[in-house]
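Notes to accompany the following structure.
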Amino acid sequence: MSPPSPLFDETVRDPLGQVTVSTQLDHQGLARISVDGHGSVEGMAVAARSFEAAFARLPADQGLHVIVDLSGLEDASLAGQLSLVPWLLRHQHRLRYLGVVGARTTALKIAQAVVQMLPFNERIGFFNDEDELKGLLKELVASPPQ
């Protein structure tokens with residue numbers, strides 16, 4: 532038996548063609564988002580719209596477990612990363628856990644600094660290995676929120 536089809540599956544590009552964002556979401560609220568190209572404010576706006584479209588498919592009170600794969604992101608400006616902060620704050624009540632994999636050194640350092648400013652930073656982690664993150668998320672999805 533094949534796994535159920537995703538609830539949402541979309542790939543979009545920013546108007547300049549510098550950033551490609553792929554968003555998949557399943558019925559349990561597990562999302563996988565990959566961001567490829569050169570990070571920019573415009574690219575992050577496209578990403579946020581894709582996230583919004585995906586998460587709108589689930590009940591507003593359903594928690595989300597998110598994998599963000601940045602292994603294809605060549606750079607990410609501070610302005611680009613900061614542009615996602617309002618979106619993160621708006622959805623913090625839904626984010627059970629957000630794990631970031633594949634961030635390169637500069638983008639990773641910026642992201643870690645930005646995350647430390649968020650009031651829910653204990654629900655965000657950085658991983659070198661996606662399998663490790665998937666294992667953690669599998670446990671979190673199986674256990675009810677506290």
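Mapping the sequence shown onto my numbering, position 98 (from 1) lands on 629, and the numbers just tick up by one. We put the beta carbon where it would ideally sit given N, CA and C, even for glycine. All values derive from a computational prediction rather than experimental measurement.
Asked                                                                                                      : Found
Short Cβ contact (8 angstroms threshold) for S571 with V543                                                : no
L601 to Q623 span [Cα, whole Å]                                                                            : 20 angstroms
Residue from I655, G548, Q555, P546 with nearest C-alpha to A539                                           : Checking the sequence shown, residue 539 turns out to be Phe, not Ala. Looking at the Cα atoms, Q555 is the closest of the given residues.
Cutoff 6 angstroms; reference W618; Cβ partners in own chain excluding five residues on either side        : A579
C-beta contact flag for D655 and V632 at 8 angstroms                                                       : Inspection of the sequence shows that residue 655 is occupied by Ile rather than by Asp. Not in contact: I655 and V632 (Cβ atoms no closer than 8 angstroms).
Identity of the residue in A634, Q643, G568 nearest L613 by Cα                                             : Q643
Exposed unless 16 or more other CB atoms sit within 10 angstroms - verdict on D545                         : buried
C-beta contact flag for R625 and F586 at 8 angstroms                                                       : yes
Whole-number beta carbon distance between I564 and V550, since they are thought to touch under 8 angstroms : No, V550 and I564 are not in contact; Cβ-Cβ is about 12 angstroms, not under 8 angstroms.
Reference S536, options E605, L547, H558, closest by Cα                                                    : H558
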